[in-house]
Amino acid sequence: MTVPDLKLNSGIAIPQIGLGLWLNKNEETCKAAVKHALKAGYRHFDTAQIYANEAYLGAALKEAGTPRQDVFITTKIWNENLWWDGFDPSFDESLQKLQTDYVDLLLIHFPVTNQRRPAWYKMEEKFKKGQAKAIGVSNYTVAHLEELLRECSVKPVVNQVELHVFLQQPELVAYCQQNGIVLEAYSPLAHGYHMDDPALQQVASKHSKTTAQIMIRWCIEQGFVVLPKSAHPDRITENIDVFGFSLDAQDMAKLKTLDKGFRTAWDPTHVT
Ligand SMILES: NC(=O)c1ccc[n+]([C@@H]2O[C@H](COP(=O)([O-])OP(=O)(O)OC[C@H]3O[C@@H](n4cnc5c(N)ncnc54)[C@H](OP(=O)(O)O)[C@@H]3O)[C@@H](O)[C@H]2O)c1
1 MTVPDLKLNS GIAIPQIGLG LWLNKNEETC KAAVKHALKA GYRHFDTAQI
51 YANEAYLGAA LKEAGTPRQD VFITTKIWNE NLWWDGFDPS FDESLQKLQT
101 DYVDLLLIHF PVTNQRRPAW YKMEEKFKKG QAKAIGVSNY TVAHLEELLR
151 ECSVKPVVNQ VELHVFLQQP ELVAYCQQNG IVLEAYSPLA HGYHMDDPAL
201 QQVASKHSKT TAQIMIRWCI EQGFVVLPKS AHPDRITENI DVFGFSLDAQ
251 DMAKLKTLDK GFRTAWDPTH VT
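Residue numbering for the sequence shown follows this note's numbering, starting at 1 and increasing by one per position.
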């Protein structure tokens, strides 16, 4: 399976599906998932300092013999490492664990009050040094993005946020799209909740697909990068097998009705 690329505003390409690695904390399971994903066609891996598996990802990629330039690696700076003196050592440690001298995409994991603004200067430094080929943010609201766009010298390429059929975030999506910021949909399967929803099942049976594949395809149709997580080989393969069909206007209209503002992760809307 070949996954298409999207173009980021910095000019680099990003594979539209990446394997999510949150909660994949066991070394053997994590390495097996990464190696299976490579065989299935994934070339994009989404980790973070707080996931405690950067080293497993780095080791799995090395053991699989994948040339560095053939994979796209994202990591994220964790909240307690955003402070001025903590940023650099934590980033160096991430590179060491990942067994690489650059990441393709570096994100601020969460818009921590009083930390996110100085941290962006550190992000820009990593970008200018070539240690991060692109830089972006995660869990930013429109207000956080407005602040950043007013002040930055390097624009964020992505905003990685919780985004799925049950949490469609139309205002945030429109703002990012108007400003050339690609949306990365995290928890695209709503963390496994509501996958038996009747409307989802109807669309799935119409296309002879699973409800997981419909949820992922819904993101693809809208030009989002999608980051499904699974630790199971069959599901890893299933989640990338979403390119031989498309959702029509009727399907999209039905799926639009599922937006319930349902969050599975943290809510950044009240972070000042
Ligand atoms: N930036 C952030 O703050 C943030 C926050 C949350 C997530 N993320 C990123 O987004 C990724 C995905 O989010 P997520 O892990 O919350 O949830 P998700 O991908 O929405 O759902 C994962 C859950 O669905 C199950 N699953 C996967 N494929 C399935 C399939 N085909 N059929 C049925 N069940 C399936 C998984 O179980 P098994 O593993 O047992 O298959 C797991 O329980 C994360 O791994 C991470 O990379 C980022």
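Beta carbons are placed, not taken as given, at the ideal position from N, Cα and C, and that holds for glycine. Computed from a predicted model, the values in this text were never measured in an experiment.
Contact test: ASN9 Cβ vs ligand 1 heavy atom, cutoff 7 Å: By one-based count along the sequence shown, residue 9 stands at place 9. Flag unset: Cβ of ASN9 not near ligand 1.
8 Å Cβ cutoff met for LEU8 and VAL158: Numbered from its first residue, the sequence shown carries residue 8 at position 8. Numbered from its first residue, the sequence shown carries residue 158 at position 158. Yes, the Cβ-Cβ distance between LEU8 and VAL158 is below 8 Å.
Bridge partners - SER138, DSSP secondary structure assignment: Reading the sequence shown from its first residue, position 138 is the one you call residue 138. The partner list for SER138 (beta bridge, DSSP) reads GLN160.
Any non-hydrogen atom of ligand 1 closer than 7 Å to ALA55 Cβ: Within the sequence shown, residue 55 is the residue found at index 55, counting from 1. For ligand 1, not one heavy atom lies less than 7 Å from the Cβ of ALA55.
Distance CB(ASP241)-CB(MET1) smaller than 8 Å: Start at 1 with the first residue of the sequence shown, and residue 241 comes out as number 241. Start at 1 with the first residue of the sequence shown, and residue 1 comes out as number 1. Cβ distance < 8 Å, so ASP241 and MET1 count as in contact.
Inter-residue Cα distance where the pair is GLN131 and THR211: Position 131 of the sequence shown, counted from the first residue, corresponds to residue 131. Position 211 of the sequence shown, counted from the first residue, corresponds to residue 211. Approximately 38 Å, taken between the alpha carbons.
Check whether SER90 and THR75 have beta carbons under 8 Å apart: One-based indexing of the sequence shown puts residue 90 at position 90. One-based indexing of the sequence shown puts residue 75 at position 75. No.
beta-carbon TRP218 near ligand 1 non-hydrogen atom, thresh 7 Å: In the sequence shown, counting from the first residue as 1, residue 218 sits at position 218. Incorrect: TRP218 has no Cβ contact closer than 7 Å to ligand 1.
Exposure of GLN69, with buried meaning 16 or more beta-carbon neighbours within 10 Å: Taking the sequence shown and counting its residues from 1, one reaches residue 69 at position 69. By the 10 Å Cβ count, GLN69 comes out exposed.
Residue ranges of each alpha helix (DSSP H) within the stretch 78 to 149, 4 or longer: 84 to 98 and 116 to 128
Residue span of the alpha helix (DSSP H) that contains LYS155, given as start and end: Along the sequence shown, read from residue 1 onward, the residue named residue 155 stands at position 155. Careful: LYS155 lies outside any alpha helix (DSSP H) and carries neither H nor E.
C-alpha gap between TYR56 and GLN250, whole angstroms: Mapped onto the sequence shown, residue 56 falls at position 56. Mapped onto the sequence shown, residue 250 falls at position 250. Using only the alpha carbons, I get a separation of about 42 Å.
SER230 Cβ short of 7 Å to ligand 1 heavy atom set: One-based indexing of the sequence shown puts residue 230 at position 230. Checking every heavy atom of ligand 1 against the Cβ of SER230, one is found closer than 7 Å.
Segment limits, alpha helix (DSSP H) that includes ILE216: Numbered from 1 along the sequence shown, position 216 holds the residue referred to as residue 216. Segment 211 to 221, the alpha helix (DSSP H) holding ILE216.
Buried or exposed (CB count within 10 angstroms, at least 16 for buried), ASN26: Here the question's residue 26 lines up with position 26 in the sequence shown. ASN26 is exposed by the Cβ-count criterion.
Which of helix, strand or coil DSSP assigns to LEU61: If you number the sequence shown from 1, residue 61 lands on position 61. Three-state result, LEU61: helix.
Candidates ALA37, GLU80, GLN49 and ALA265, of which the one nearest ILE17 by Cα: In the sequence shown, residue 17 corresponds to position 17, counting from 1. The residue with the shortest Cα to Cα distance from ILE17 is ALA37.
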